[in-house]
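Residue numbers (the working numbering): 191 to 430.
All C-beta atoms in this analysis are idealised placements derived from N, C-alpha and C, irrespective of residue type, glycine included.
Because the structure is a prediction, the values reported are computed rather than measured.
To keep things clear, I will list the structure first and then write my remarks on it.
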């Protein structure tokens, strides 16, 4: 039996248990460790004495960093989303970063040039910026909720026209949490990539207003495959 866990806050909506059971079959026990305060979270060592692999979601993606070693990409982005114990050393990885790079690479292959607006300036925004840099994408803008009282009603079409020049596929990447609902102006030239998954407030309204609405489940599945490879449970194969 493979024993996995997810550490987070208000994670009752998560699809992770079903996702990992889909990848591993019934030979898995998946625990949701929901903590309202960081002070309640056990140490990484204690968690890994019980679980074969531990995933971490917001708002705790930086919580364990002082007590662990980091992979190259986790150190680069300054946040982790999974832990493992190897040779007595606890290691943190960021498989969100790896998944984002994969998806961006596919779009570069399809569209050649990209123009990107990032909604949000939190941890996932930072991870996204590093992924863009990894893919040599420099044509992007970051929009923060802190600088606008009408962030949910932004005119995305106007921002693309004013802030960007040249050719390229327009993509909006929403890194904000589920308490943000976009009700602004957007057009059929634009792909809206939502890091939230199964978020009906967006999927129902934006699917008909944009060129494409990309649900966050795609990234969730990719990062889960990378996590299983990181934990040495199954090899990563992008085609399966």
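Query, Result
"Measuring straight from C-alpha to C-alpha, what distance separates residue 430 and residue 381?", "Since pLDDT at residue 430 reaches only 43, below the 50 mark, its modelled position is unreliable, and the value read off the structure follows with that caveat. Rounded to whole angstroms, residue 430 to residue 381 spans 25 Å at the Cα level."
"Between the Cα of residue 274 and those of 286, 327, 235, 292, spot the shortest distance and give me the residue it belongs to.", "235"
"Is residue 202 buried or exposed, if buried means 16 or more other CB atoms sit within 10 Å of its CB?", "exposed"
"With DSSP as the reference, identify every bridge partner of residue 315, one or two as the case may be.", "Looking at the DSSP assignment, residue 315 forms no beta bridge with any residue, so it has no partner."
"If you draw a straight line from the C-alpha of residue 251 to the C-alpha of residue 298, how long is it?", "28 Å"
"For the region 259-266 against the region 293-307, are there 3 or more C-beta pairs whose distance is under 8 Å?", "no"
"Assign residue 444 to one of three DSSP states: helix, strand, or coil.", "No answer is possible for residue 444: the residues shown for the chain start at 191 and end at 430."
"Just to confirm, are residue 309 and residue 366 a CB contact at a threshold of 7 Å?", "yes"
"Any chance the region 312-319 sits against the region 362-378, with 3 or more Cβ pairs inside 8 Å?", "yes"
"Using the beta-carbon count (16 or more within 10 Å), is residue 306 buried or exposed?", "buried"
"In chain order, which continuous runs of the beta strand (DSSP E) of length 3 or greater are located wholly inside the region 309-396?", "330-333, 359-364, 380-384"
"Exposed or buried, what is residue 428 when buried is set at 16 or more other beta-carbons lying within 10 Å of its beta-carbon?", "Residue confidence is low: residue 428 scores 48 on pLDDT, short of 50, so the model does not pin down where it sits. Its coordinate-derived value is still stated next. Residue 428 is exposed by the Cβ-count criterion."
"Can you tell me whether residue 215 is buried or exposed, with buried defined as 16 or more other CB within 10 angstroms of its CB?", "exposed"
"How should residue 286 be labelled, buried or exposed, when 16 other C-beta atoms within 10 angstroms of its C-beta is the threshold for buried?", "buried"
"Could you check the C-alpha separation between residue 424 and residue 242 for me, to the nearest Å?", "13 Å"
"Determine the extent of the beta strand (DSSP E) in which residue 217 is found, giving its start and end residues.", "Per DSSP, residue 217 belongs to no beta strand (DSSP E) and is neither H nor E."
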